[in-house]
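In this note's numbering, the protein residues as written are 34 to 137. Heads up, the beta-carbon is just placed ideally off N, CA and C, and yes, glycines get one too. Working notes, beginning with the structure itself.
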């Protein structure tokens with residue numbers, strides 16, 4: 034399995050946890066963006082993708098951003114037997130942000 038990947042089952046659990054949040058969640062007001070390592074994006078594109086898609090998730094109280102490759106037909110490429118993985122090594126902003134960024 035490639036570095037910084039998670040299983041489909043874990044990704045589904047995180048996505049469902051995120052989607053179950055109410056609008057009153059503190060994450061709605063605090064989340065500003067995501068830091069995504071270049072290595073993760075390079076690995077996604079190396080799978081033969083033309084694009085990538087990102088899904089939000091929640092692991093307990095930890096926000097997650099899951100990245101998958103997308104083919105020319107706009108379909109997610111998720112199949113461990115073909116080495117098409119779900120990547121997770123992103124970090125929410127805050128705290129992973131640039132305090133001096135004009136977007137912060």
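**Asked** Does the pairing of the stretch 78-96 with the stretch 43-51 give three or more beta-carbon distances under 8 Å?
**Response** yes
**Residue of 71, 129 and 86 minimising C-alpha distance to residue 117** = Within the chain shown, the letter at position 84 stands for residue 117. It is 86 whose Cα lies nearest to the Cα of residue 117.
**Item:** Integer-rounded CB distance, given that residue 111 should sit under 8 Å from residue 100
**Value:** For the purposes of this step, residue 100 is taken as residue 67 along the chain shown, with counting starting at 1. For the purposes of this step, residue 111 is taken as residue 78 along the chain shown, with counting starting at 1. Not a contact, Cβ separation roughly 11 Å.
**Prompt:** Helix, strand or coil for residue 64 per DSSP?
**Reply:** Taking the chain shown and counting its residues from 1, the one referred to as residue 64 is at position 31. Here residue 64 carries a coil assignment [DSSP, helix/strand/coil].
**Request:** Going by CA-CA distance only, name the one from 54, 42 and 37 that's closest to residue 70.
**Result:** Residue numbering aside, residue 70 sits at position 37 when the chain shown is read from its first letter. The shortest Cα separation from residue 70 among 54, 42 and 37 belongs to 37.
**Asked** How long is the line joining the alpha carbons of residue 51 and residue 133, rounded to whole angstroms?
**Response** Here residue 51 corresponds to residue number 18 of the chain shown, with the count starting at 1. Here residue 133 corresponds to residue number 100 of the chain shown, with the count starting at 1. When only Cα atoms are considered, residue 51 and residue 133 end up about 29 Å apart.
**Request:** Could you have a look at residue 73 and say whether DSSP puts it in helix, strand or coil?
**Result:** Position 40 of the chain shown holds residue 73. Correct three-state label for residue 73: helix.
**Request:** Compare the beta carbon distance of residue 125 and residue 64 with 8 Å and say whether it is the shorter of the two.
**Result:** Sequence index remark: in the chain shown, residue 125 carries index 92 (1-based). Sequence index remark: in the chain shown, residue 64 carries index 31 (1-based). Less than 8 Å separates the beta-carbon of residue 125 from that of residue 64.
**Request:** Report the residue from 96, 84 and 97 whose alpha carbon sits nearest the alpha carbon of residue 106.
**Result:** Residue mapping note: residue 106 aligns to position 73 of the chain shown, counting from 1. For residue 106, the nearest C-alpha among the options comes from 84.
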